[in-house]
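A.B. asks: Under UniProt numbering, the first residue of the sequence shown is numbered 1, with each subsequent residue one higher. Using N, Cα and C, we set each Cβ at its ideal position, and we do this for glycine too. Following this message is one structure expressed as structure tokens.
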Amino acid sequence: MADTDYYVQDITQEWNQWDKSLQKLAGKVSLICSNCTFHWVQESDTAAQNMAKLLSNNNIIIMNILFFGDIYRSAGADTRAELKRRFRYPSEEQLIGQWVTAFRSAGLTRIDIKYRESHKILPVKMYNESNKLFVKWFKRYLTDSTGDEDMDQVIRELLYKERVRAVSEKSPNGEDQVKVNIQVWNFVVNK
Ligand SMILES: C[S@@+](CC[C@H](N)C(=O)[O-])C[C@H]1O[C@@H](n2cnc3c(N)ncnc32)[C@H](O)[C@@H]1O
1 MADTDYYVQD
11 ITQEWNQWDK
21 SLQKLAGKVS
31 LICSNCTFHW
41 VQESDTAAQN
51 MAKLLSNNNI
61 IIMNILFFGD
71 IYRSAGADTR
81 AELKRRFRYP
91 SEEQLIGQWV
101 TAFRSAGLTR
111 IDIKYRESHK
121 ILPVKMYNES
131 NKLFVKWFKR
141 YLTDSTGDED
151 MDQVIRELLY
161 KERVRAVSEK
171 SPNGEDQVKV
181 NIQVWNFVVN
191 K
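Rendered as structure tokens:
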């Protein structure tokens, strides 16, 4: 849109390294809105501080965080311990708690959280395609980078077993479909 300025900025970068044109917005932003992003951001303290810096008084951050479930659930006890040693996806308490703590530390203490569950039914092909990106992002939870190639398949299976079920209903094009469960935590943070 011609009357809109667009910027690209890593939210986890320290404030003093931000683009100068964005730094000028400190204390002037009335709405920060984020969809389907913060579950990928591990540096929640810096991100929350940056958002607190941007936001003007009496205004809000609206964001959501997706939780992918207890992805270790399907593994036996021994396998689970070994998996968690190599690959550390947080528990729901850790993931959501981390953001509550980050906002509080950034001085934002008026936090409303709502949880909801939903699902989508997708052609298998589409699920596999979008899952490539998820597997890539999930690799940030690997505890070391050695020999992580074989982890692609492991992560793919963990995610599938926890979130996905085959359904009998075919797509309009006659393709096989799956049902993908979605767990979303919605945050509204007031300044
Ligand atoms: C699943 S997409 C969601 C995109 C869009 N919000 C939407 O609803 O369609 C996740 C987005 O998070 C962005 N992202 C991930 N880490 C980020 C970071 N540290 N700082 C800024 N953006 C980030 C990615 O670039 C990507 O565009």
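#1: Can you name the start and end residues of the alpha helix (DSSP H) that residue 130 belongs to?
#2: With ligand 1 as the reference, list in chain order each residue whose Cβ lies under 6 Å from any of its heavy atoms.
#3: Kindly indicate which three-state DSSP category residue 8 falls into: helix, strand or coil?
#4: Measuring alpha carbon to alpha carbon, tell me which residue in 3, 136, 26, 189 is nearest residue 100.
#5: CB residue 46 to CB residue 12, shorter than 9 Å?
#6: Please state whether DSSP places residue 51 in a helix, a strand or coil.
#7: Can you tell me the Cα-Cα spacing of residue 156 and residue 135, whole angstroms?
#8: Using the Cα positions of residue 77 and residue 123, report the straight-line distance between them to the nearest angstrom.
#9: Whose CA, out of 67, 57, 80, lies closest to the CA of residue 182?
C.D. replies: The structure says:
#1: 124-138
#2: 10, 11, 12, 35, 36, 37, 40, 41
#3: coil
#4: 189
#5: yes
#6: If DSSP states are grouped into helix, strand and coil, residue 51 belongs with the helices.
#7: 6 Å
#8: 33 Å
#9: 67
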